[in-house]
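So the protein sequences, as listed, match chains H and C.
Under this note's numbering, the letters of the first sequence match residues -9 to 359, in that order.
Under this note's numbering, the letters of the second sequence match residues 3 to 272, in that order.
We put the CB at the ideal spot given by N, CA and C, even for glycine.
Remember, it's a predicted structure, so these values are computed and weren't measured experimentally.
Input: a single structure, listed below in structure tokens.
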Amino acid sequence: MLLLITNAIAQDIGTVIGFADSLYNERNYNLALHEYRRAFFFSEDSNKVLVGQKIAGCYLLKADYCMARSYFDSACSYSKSVYGKTGYRLQIIRCYMLEKNFETALLRLNEIGTDTSHYYSKKYQLYTAISYFGLQQYDEAFQAFNRALDPADSVKITNLLNLTEESKRLKHPYPFVASLMSALLPGTGQIYDGCWVEGANSILVLGGLTGISFAFPELVVFTVPFIDRYYVGGIIHAGQYAHERRAKKQERSYSQIMTLYPENEQLLGLFSTRDKRPGYRSYLKQADTLGDVLSSYFFIIYKCFFSSQDVDACVFNPTCSVYMMEAIKRHGYFIGFLDGVDRLLRCHPFITANDYSKDTQTDKFNDPN
Amino acid sequence: MGAIFISMVSYTLFGQDLMNYANSLNYANYLFSKKDYQDAALEYKRVALLEPNDTLAMLRLIQSYRLANDFKQAHVCLSNFFPDCPFYPEPFATENIKMLFGTHQYQQCLDDLKLNASIDSIIKIKYELGSLLMLHKWNEAKNFAERQFIINRKNRMLDDMYQTALQGIDLKLKNPRLAAVYSGLIPGSGKAYTGQWKDGFYAFLFTSAFSWLAYASFKDKGITAAGFIYGSVAFSFYVSTIYGSVKSAVSYNEQAKKRLMRRVEVWMDN
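Structure (structure tokens):
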């Protein structure tokens, strides 16, 4: 009877892994990880390969690629089969690719070499191709993409050849050309990138400021620094828009290429570009009174037509305009306005790390409201 | 039937039950040593469930929650383990004091320290002095430290805290009203008074430049829109600088106190 009870409640490694598997299938990755890690702690070396792989899988789904790499690495070190070791090494490379660290991915691929099984050889070629594609070395990338396909599959090879032809336009527009054009004639670089509105905006702002300088000569001391900022800002933005356009083209081309490799769907979103522009309209949505609506419109117009043309001049995080909007929201119009103007007077290039703490990611000084 | 019995016996003898008390405790201790306090807390909870009389596991459970900054759960565990108990026995009393200090309940921490006699004297001195300093009771902290010097003269940490209390007494705070008056008289001078020389200079430069522009415009062209625009900007800068000077003085005082409090926190962590 005692034996029966003991066996009924006892949980061996198999039971714990089974329970973790069920949690994993329910997408409860945090709890699954806890159970897998327990199994990993008590497992013998031979079992650590399987459990380590499962833990790495959980971390991959949690987008913690660094931890996933470390567990794939331990699975690789515990694995005794050469075939298995290659598989784990490729998984580690996949983690590097997901981290967009394509240089390291290529270095690790060179360590593996091509002397592997047919399945891993195709995977090796595909990962090499994606890494080169990420580094924008398209010739090498398409050669590797070609090698990753089955030579007998003529339809896919023809499709890839067509995409190779289209890839010649992936490097267009050239950021240097766009910046140079904006330097010679403000706004033209943006137009070259296909951003007509931005180009016209740049011409209008710079033209307007020059006009004000002529109309009010005593204001030249204040207008010239702004003309300088918007001019330099136009050059920088022209280059940035070119980069954005190229990234979008790269994303489109990549998603077309990956339709030829349907078994690698986990790498599909590797080059997805997200719209990084902040949603300034949230202030308008939250506006209750007429004053709020007017100040929100004023803010949006400033952000869209003036700030968008400027260099990254504000030394603070959040920027002075956002700070003023937040201050108005928090303290009302009068105090909020005074707080905002005071912030403008504090925003100068002589601030040091002794005055404010610095955000290492944005390289800006923290000054929350 | 015999085969089943033999397999059950062999499983019981050789099979490893990962969830039993010994293995759970082993794994929990491993997680605790790796500073994975959240997972360790989960494991110690299982251990406490399997063996409710394991006081050390309960202590580790509370410590795990505290070190994982889950003070609420730590307090719940402590209350559940000692229901209707006015004073916790050692070492749980120390844990309670650490939790109170961690949740910034300094006055409660002082009260508990005074009432609970079971707490170790060194811990008592450390947390009483720390709480007094965190409450900015500089004179009380100084007197307390001086009393302790009679018993333990060469305690370096005590000396550090004594110096902090002295610095707290000598802390020269800036008067926000005086900063406002300064900036009212000379724009930006209030900010310079609070140590922000660069901000003060900028405020002076822009306020005076726009004031001069307004003056020049009214003088040369009479009453024009441009003059009013320059004047409005200058006035905005002037009033904002007065407001900013007050804010700067308040911020200076907060920072000065925070610097001392940070020293206390570092001392307490050690």
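Query, Result
"The beta strand (DSSP E) spanning Phe355 (chain H) covers which residue range?", "Lys354 to Asn356"
"Strictly under 8 Å for the Cβ-Cβ distance: is Leu1 (chain C) near chain H by that measure?", "Only positions 3 to 272 of chain C appear in this structure, which leaves residue 1 (chain C) out of reach."
"Between which two residues does the alpha helix (DSSP H) holding Asn359 (chain H) run?", "Taken as a continuous stretch (DSSP letters only), Asn359 (chain H) belongs to no alpha helix (DSSP H), as it is neither H nor E."
"How far does the alpha helix (DSSP H) with Val301 (chain H) in it extend, from its first residue to its last?", "That residue, Val301 (chain H), is in no alpha helix (DSSP H); it is neither H nor E in DSSP."
"Taking only the alpha-carbon atoms, compute the straight-line gap between Cys337 (chain H) and Glu16 (chain H) and give it to the nearest angstrom.", "51 Å"
"Would you say the beta carbon of Ala76 (chain C) comes nearer than 7 Å to a heavy atom of the ligand GDP?", "As for the ligand GDP, it is missing from this structure, which has no ligand bound."
"Which full runs of the beta strand (DSSP E) of 3+ residues lie inside the segment 159 to 194 of chain H, going along the chain?", "none"
"With respect to the alpha helix (DSSP H) encompassing Pro215 (chain H), which residues constitute its N-terminal and C-terminal limits?", "Val210 to Met248"
"Which partner residues of Asp349 (chain H) appear in the DSSP bridge assignment?", "H:Lys354"
"Helix, strand or coil: which one does DSSP assign to Phe306 (chain H)?", "strand"
"If you measure between the beta carbons of Gly330 (chain H) and Cys310 (chain H), is that distance less than 8 Å?", "yes"
"Asp218 (chain H) CB to nearest chain C CB: under 8 Å?", "no"
"Assuming Ser247 (chain C) contacts Tyr184 (chain C) (C-beta within less than 8 Å), just tell me the rounded distance between them.", "7 Å"
"When the Cα atoms are used, what is the spatial distance from Ala277 (chain H) to Val283 (chain H)?", "5 Å"
"Just to confirm before moving on: does the CB-CB distance between Tyr221 (chain H) and Leu194 (chain H) stay below 8 Å?", "no"
"Where does Tyr90 (chain C) fall in DSSP's three states?", "coil"
"Can you tell me whether Gly103 (chain H) is buried or exposed, with buried defined as 16 or more other CB within 10 angstroms of its CB?", "exposed"
"For Ser262 (chain H), which option in H:Ser272, H:Gly269 and H:Arg236 has the closest C-alpha, if you only look at C-alpha atoms?", "H:Arg236"
"What ranges does the alpha helix (DSSP H) occupy inside the segment 115 to 164 of chain H, keeping only unbroken runs of at least 4 residues that lie completely in it?", "128 to 138 and 144 to 156"
"Quick one: measure Cβ to Cβ for Asn149 (chain H) and Leu250 (chain H), integer angstroms, because I've assumed they're closer than 8 Å.", "6 Å"
"Just to confirm before moving on: does the CB-CB distance between Ala30 (chain C) and Tyr46 (chain C) stay below 8 Å?", "yes"
"Provide the residue span of the alpha helix (DSSP H) that contains Ser262 (chain H), from first to last.", "Premise fails: Ser262 (chain H) is in no alpha helix (DSSP H) and is neither H nor E."
"Scan the segment 8 to 56 of chain H and note each continuous alpha helix (DSSP H) run of 4 residues or more that stays entirely inside, going in chain order.", "19 to 32 and 35 to 51"
"What residue ranges within the segment 17 to 66 of chain C form continuous alpha helix (DSSP H) runs of no fewer than 4 residues, ordered along the chain?", "23 to 35 and 39 to 52"
"Within 8 Å (strictly less), CB to CB, does Asp63 (chain H) reach chain C?", "no"
"Nearest by alpha-carbon distance to Tyr23 (chain C): which of C:Ala50, C:Phe208 and C:Lys36 is it?", "C:Ala50"
"Is Asp41 (chain C) close to chain H, meaning its C-beta is less than 8 Å from at least one C-beta of that chain?", "yes"
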